[in-house]
Structure formats: structure tokens, C-alpha cells
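Protein chains: 2
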Amino acid sequence: MISFHTPYAKVDSSPVLEAIKAESSSGASGYYKLPFDTLALESALAYSTREHFSSITDLVIIGVGGSSLGTRAVYAALGHSCRSATRRVHFLEHTDPFETRRVLESITLKSTHFLLISKSGTTIESISLVKFLITHFDLLSSANKQHLSCITDSGSPLESFAKAQGLECFTIPANVGGRFSVLSLVGLVPLSLLGLDISALLQGARAMMESFFAGKEGHIIDKAAFLAKHHKQYPISVLFSYGSVFSELNRWFVQLWGESLGKSLSQADSSSTQGVGLTPVGLVGSIDQHSFLQLIVQGARDKVVSFLSLSDECDKVDSSEDSSFIVPHCHLAGLESTDFVNGTPFLRLLNLQKQATLETLESLAIPTDSIVLERLDEWHIGALVVYFELLTSCTGVLLGVNAYDQPGVEFGKRRLRTYFA
Amino acid sequence: MISFHTPYAKVDSSPVLEAIKAESSSGASGYYKLPFDTLALESALAYSTREHFSSITDLVIIGVGGSSLGTRAVYAALGHSCRSATRRVHFLEHTDPFETRRVLESITLKSTHFLLISKSGTTIESISLVKFLITHFDLLSSANKQHLSCITDSGSPLESFAKAQGLECFTIPANVGGRFSVLSLVGLVPLSLLGLDISALLQGARAMMESFFAGKEGHIIDKAAFLAKHHKQYPISVLFSYGSVFSELNRWFVQLWGESLGKSLSQADSSSTQGVGLTPVGLVGSIDQHSFLQLIVQGARDKVVSFLSLSDECDKVDSSEDSSFIVPHCHLAGLESTDFVNGTPFLRLLNLQKQATLETLESLAIPTDSIVLERLDEWHIGALVVYFELLTSCTGVLLGVNAYDQPGVEFGKRRLRTYFA
């Protein structure tokens, strides 16, 4: 279960719910259907149990933006619980020579599988990286080609290339945008290879999706309505996540929120200054209490802060007794002022810090809401992913923007080509 | 050398320069003196060559906020160049049980050194963590205490504790704030232990500090003046850093900028809504071209974007020929549309992507500036650190805020204690 505390004004949810249903049935975005795609699930499960992978210790994902952020988010949240798989993951996202060198020095071809993920099939970073890898490791030779597989849009140039070369290639529907694709094969294949229970991930996702479409998650629309109505007063959306397990989920949220909602309202004239959008900021607590919090408390009052945390019980699920993390009853001479937390479980202390920060912001009339996961497992992360996606879609409806395109990123791509002309 | 392209209006720099000189001579902040502190340098160098460290393969830093972000920033930027040291670093920043377990499972006491860093000496996260480590590893026993050392403010409770226990303890001046402390022993000790050339780091820092005080870095004051003058029109300061090596530097910048400049103007009434501040956002290019860029291009026009990058030459300095990263002349059937970058060095492609993004934003009249490091080494990072610190101080002067305190973070700390009362 996920507990939502959403103290914004209740609104009539029907118009937004109807608009979302229309998006789903018209196919304006395909992400609504992903949790129900049992064929994709079966295909990812079957692939990850192939004999080839029994000798694979390292998975290298070549992909950027929506092709890597979702997998990063889910794996960072849950990877600690599937260490038995002992498979490592590396991400190659752009042509940074230092990062690429570091990854290459830590792998050997024999025990490595490369997964190229590009929706368009022509992402310049990803294709440049894979050209390098193909040359470096002779990946298209018949002996080595089983070490490379691809995920791309159905009908993309990459699909043609992969098929012609006899590479394994998975496709996803074109109407599933990169930032909404983590529950498609884009996320399911790598997450399954990393040992996560992708069935449970989709089950959680399905539960949230069904509940929303049944009109039982009105708090999502209430929150979207508050954010949309006050987008000029509160242009910054902060996600304050308590626990390092959420650090990559924050980055996924930043893309989802920023790229979906940051739009020119006219959509026709790119030089228009009539842009709308909510600027996402991802923070990790308690760490960022020592960084960004001062600005929230005393800076300009332009932020809405959503708190994300785990219930105190989450650390007890998988731990044996001897590994429980509790502040010991340890008295250090001179440091008695810190003894008040002695005996407190680590996670409980983290959660009390969240509570203290949340109540401080409330007392200052800074808008806040909170989300608490009862357990840290695939089911809950699946549901959480869909929660954020639906919140994004609802806010997009209420802001009057198309949440599913990204015309603004094309300008720079076109300009890049002119340098080579 | 660092090249700055700062196309903002030139201003009379004298008043700000005089204010900064007054801050330095009055001791309002002690960071201005750090690059000249040869005693600290010698002390860190001597410590890191002690016999004890010959068997140490893992350094665990217990510290949060200013106690870890600076070391993270410099090490992430330069760690690739000192791999010969082969010492690993881990950070324990808060009582996250999952993260703590992960770190503990990867180390053994015999080859690990723990470095506790807390300015106040009573940071609740850090002391809770060290209590756990003391209990878990029996760190105060005579056989083990050489594996723990401390860095704290001169005169803090932690200093008394450390001295009473016979632990090695370094102190820093109380007027050096955590977020301005990376060039003090807080950064010098761990960075030296990790194999970085801290002499060169301070030399670069000294060069920038001296040049600024000699009135030769007027572009810093021009930029500060633009940001302060337009802080309501452009409340968001984006640092768009090209290269994964800068990912942690971004986080350091976010703390420096947010915590220094986000202040209540009256400073007396914490519930005042008359806060000022510039919200910092750190992006990594080209990765975040696939994430946040859409929002900058088409969203609300409330951002100033500073680009940070490396010159094309940076990848050639330390690389042997066979390890040079260039997009190969590799033609993949069906993917010919990507061939225009064939033959381009990785870093040059990254820099051209930066250029294309920068020119796109310029063409849309979004305010931008750029910073290019000629080399990626200690000297340049030292100079860059001082650049950002001075920019923060100058902007603070022009906004009329005290850049060196953080009263807003105390409210939550006090509230936390009430839960245990």
C-alpha cells in the first residue's frame, strides 16, 4: 500500500478523468496500456532466462534519457534486495571519454552483454557509442553478436539494422514516449536481467492504473489542480525523497516532469516567450537538509514540496536480526547532546527527520504533500511509477499542454548537424 | 587557463570588490584565506604519507553537506587521473540502512580508514553513524583507533572527544562555513589520501583568488550583478555541465548557491515571506539534453544558464594513442543518418553538442554564459572552485544577504528534538 497525504483543495475530478480516458482510448499516449501487456512481460522473462546469460556478469546499457532513466530509477530503489543475482550494470549515456573509459576498463566481453536502447533508433550519442563498441569488440562477428541486443520503436531504422544483422531486437509501440517507457520492454528487459521481479512491478503498476481509472485516486487530480492553478505563484516542484534508494528515481521524475510540462503554449512559434512549465527539483533527505533546505525555508516562496519516504517497517522485511541498523546506546564523552537518538532505528531516525522538515514547512505555510511506501519492493515501485506518470498527465491536461512531445529538443539537434555540413 | 565568456553588461566592479575585501579582512568569512594556508597543506600531505595508510585500500568518509560535497566534487572530476592510487572512497551521509549496509558489506576493517567530518561536531547523522561504526568495529580499542580520525571546528565537542580518546583530529577555523570548506583540511585530507595533488589544487585556487582581488576578474562581478538585478525575472540558475566528471560538482554548486543566497531579507522573522534567493539546478550534458532541456527551451523564461565544459584537448593529455575515444568510421546499414559524426573525437562531439545547445538558447534570447577549462587537472579545479565561491559571495553582496549563515536549517533540527522529549 502507498499512503498519500494530499492536503490540497478537493476538486471535481470528472473532467480530468474523462480527458485521461480519452487520451488512453485514442492512443494519444500508449503508456496507459503498458501494465496490462502480458506479451511484453512474457517476452522479457523468457529472454532473461536464456542460456547465454548464465555466463554474463555485467550488463552495459547504451541509452540516454528515457532509455536509461527508468531502469536506473527502479534498479537503484530495489537493487539492494536482489544482490543474489550478482550481475552488475553500467550505463553508457553520452560520448564522455572519461566515463566510457572507466566502464570499458571494468568489463570483459566474454561475461558482458550490451543492450542498446533507442526509441528513434538514431540517437546520436547511443549510435556513436555502439559504433565504438562494435569496432572495439568486433560485436557483429558471428561469434560475438549474441552479446548485443537492441530495443527500439517498431519500424525504426535500428530495427531494420538489427534484423539484417541477426541481432535480437525488441520493439515498443511508437506512442509510448521515452519518459513514459519504463514499464515497456525498455525497462522490463534490463530489469529482469538484473534479477528484479518484473511481474510484481507490473502488478503494482496495474493496481494503481485500475484504481485511478475507477475514480479512486482523486488525490492525484486534486494535486494536479493545485499545481496547475498556482503554476505562476509556485513554478518550482520539489520532490524531497528520504533515502538514497530514491536518488535515481528523482532524476527520472525530473525528466518526466520537466520534459512533459515545459511547453510553449502556442506550440507553433518556438521563439514565443509564452512558455509554461513547472521546474522539477529532486532532493534526497536527510542529505539535502544540509544543502537545499535553507533556500526552501527562507528563500522566495515559489516552491511546492512533495515528500517521498518509506515506512519505518521497510528495513525489517529482508534483514536478519544481526544486521539491523539501530543507533547504539553509545555514550561518547563530550557528545552527550547527540544521545537523544540512541536506540532509534536508522530508518526511523530518517523518517523523523522527514517529519520534522515537513512540519517546519507546513508551519511556514509552504505547500506540501507526502507519499509513504509501506514496503520497498517491486509492487510498490510499480505503483509509484504510475502515480507520477498519472500526476504528470493530469497536470498536463490542466495546464493545457501536450505532455507527450518534446519539440524543443530538436532545435539543438538540427544546429549540431550544421557544424558538419 | 579557464576561459570565461560572460556576455552580461559591464558594471563598475569597485563597490563589490571593496565589500569582498572587507569580508576577507574582517574575517566575516575565512574561505578567502584558505588557498594561502601552507600549514594546512603540509599537515594534510604529512598525514597522508603515514605508514598506517600503506595497507589502507578503502576510505570511508562520514559527513554530510559541506563535509562531503566538496570532496565528492573534486574527486569525481579528477579521480580518473589518479587511479594508480587504487584506493576506493565511500560516503556515509545519513542513516539510510540500505546505503549503510551496502558500504559495510564492501569493506573490511583491516584495510579501511574512517574519516569523521563534522564542523559543529554534533551533526546528528554523522555522530549516529560513527556510534554505529564504533560499536560495530570496536573502533575505540587501542588496536583499532588508528582507523578513525576526525576533522571539526577548532574548539568543538568533537575535538574534545577525539583528544580524550587519542584519535587523530584536524581542526578548521570556525569562520569557514561547510559549503566553503573544500579547500580547508575538510577537503585536503581526504583528497590527499585519495591520491590527488592538493598542492596544485591550492595553486589554482590561489591564482584565481589573487587575480580577483587584483581586480582582474571583473566578469565575476558582471555576472553577479546581472543575476542580482534580474533575480525576480530569472529566479532559477542553471549550471549545465558537459561531462559526467562534473556530476558531483553540480551537487556542490547547488548547496553553495542555494544555501548561501536563499535567505529571508529581514533575517529576523523566519515566517516572513520576503525571502530572496536563486534556485540552483545542476544538469549534465549531453545527458540532460534528453531531459531538462525541453523545459528551458519552451517552458517559462525564468532561467539563466551557465555552461561548463572541457576544451577538446582535455582527453589527449593523459591518454596513450591506443585508448583515444573517437567515433569510428563505421557504416551501419540503415543507420546512415548518423554517419555525419564518424571520425569525431568523443569529447569534441560532446563539446559540439554543448555549442549547439548554447547557440539555440542564445537564439531564443535566454541569458547564457560559458566557462571552459583548458585542462582537467587539480590546478583548474582549484581555480574553478574559487570562481564559484567568489561568484556566490559577490551575488550575496548585491542581493544584500548574508551568504555565510543558514538559520533556516535550525527549525527542523529543533523540531526533531521535540519528538524525543
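Protein chains in written order, with the working numbering: chain C, 1 to 421; chain H, 1001 to 1421.
Cβ atoms here follow ideal geometry from the backbone N, Cα and C, with glycine treated the same way.
Owing to the predicted nature of the structure, the values given are computational and were not obtained by experimental measurement.
Check	Outcome
Sequence-distant residues of its chain with Cβ nearer than 6 Å to residue 218 (chain C) (five each side left out)	13
Length of the line joining the Cα atoms of residue 60 (chain C) and residue 26 (chain C)	36 Å
Start-to-end residues for the beta strand (DSSP E) that takes in residue 1150 (chain H)	1148 to 1153
Residues that residue 454 (chain C) bridges to, as DSSP identifies them	Here chain C covers residues 1 to 421 and nothing more, so residue 454 (chain C) does not appear.
Below-8 Å beta-carbon distance, residue 87 (chain C) vs any chain H residue	no
Proximal residues, the segment 1285 to 1301 of chain H versus chain C, C-beta separation under 7 Å	1286, 1287, 1289, 1290, 1291, 1292, 1293, 1294, 1295, 1297, 1298, 1299, 1300 and 1301
Sufficient close CB pairs (3 or more, under 8 Å) joining the segment 1330 to 1341 of chain H to the segment 121 to 131 of chain C	yes
Inter-residue spacing [alpha-carbon to alpha-carbon] between residue 1292 (chain H) and residue 406 (chain C)	10 Å
Secondary structure of residue 168 (chain C), DSSP reduced to three states	strand
Residue environment, residue 1400 (chain H), which counts as buried when at least 16 other CB atoms sit within 10 Å	exposed
Burial state of residue 376 (chain C) (16 or more Cβ within 10 Å)	buried
Chain-order list of residues whose beta-carbon lies under 8 Å from that of residue 1313 (chain H) (same chain, five-residue window excluded)	1374 and 1375
Member of C:154, C:186 and C:148 whose CA lies at the smallest distance from the CA of residue 168 (chain C)	C:148
Chain-ordered chain C contacts of residue 1146 (chain H) [CB-CB under 8 Å]	Within chain C, no residue comes near residue 1146 (chain H); the closest Cβ sits about 18 Å away, beyond 8 Å.
Test: residue 1317 (chain H) CB closer than 8 Å to a CB of chain C	Any reading at residue 1317 (chain H) is ruled out, since the residue's pLDDT is 48, under 50, leaving its predicted position unreliable.
Cross-strand partners of residue 302 (chain C) (DSSP beta bridge)	Residue 302 (chain C) pairs with nothing; no bridge assigned.
Validate contact between the segment 289 to 303 of chain C and the segment 350 to 367 of chain C using beta carbons, cut 8 Å, 3 pairs	yes
Cβ-based contacts, 8 Å cut-off: residues of the segment 1084 to 1116 of chain H near chain C	1093, 1094, 1095, 1096, 1097, 1098, 1099, 1100, 1101 and 1102
For residue 1360 (chain H), the three-state DSSP class (helix, strand or coil)	helix
Backbone CA spacing between residue 282 (chain C) and residue 253 (chain C) [nearest angstrom]	8 Å
Residues that residue 1192 (chain H) bridges to, as DSSP identifies them	According to DSSP, residue 1192 (chain H) bridges with nothing at all.
Residue 1159 (chain H) vs residue 1121 (chain H) beta-carbon contact at 8 Å	yes
Pairwise C-alpha distance: residue 1404 (chain H) and residue 9 (chain C)	38 Å
Whole-angstrom distance between residue 370 (chain C) and residue 229 (chain C), CA atom to CA atom	19 Å
8 Å Cβ cutoff, residue 1169 (chain H) in contact with chain C	no
Per-residue burial, residue 241 (chain C) [other beta carbons within 10 Å of its own, 16 or more giving buried]	buried
Member of C:112, C:118, C:28 and C:250 whose CA lies at the smallest distance from the CA of residue 1335 (chain H)	C:118
Local Cβ density within 10 Å of residue 1255 (chain H), reported as buried at 16 or more and exposed below that	buried
Secondary structure of residue 12 (chain C), DSSP reduced to three states	coil
Pair within 8 Å by beta-carbon distance, residue 1275 (chain H) and residue 365 (chain C)	no
At least 3 beta-carbon pairs within less than 8 Å: the segment 194 to 207 of chain C vs the segment 231 to 249 of chain C	no
Residue 1419 (chain H): contacting residues in chain C (beta-carbon distance under 8 Å)	352, 355 and 356
Within the segment 27 to 90 of chain C, ranges of the alpha helix (DSSP H) (whole runs, at least 4 residues)	38 to 48 and 69 to 78
Cβ neighbour criterion (16 or more within 10 Å) applied to residue 225 (chain C)	buried
Continuous alpha helix (DSSP H) stretch holding residue 1126 (chain H): start and end	1124 to 1137
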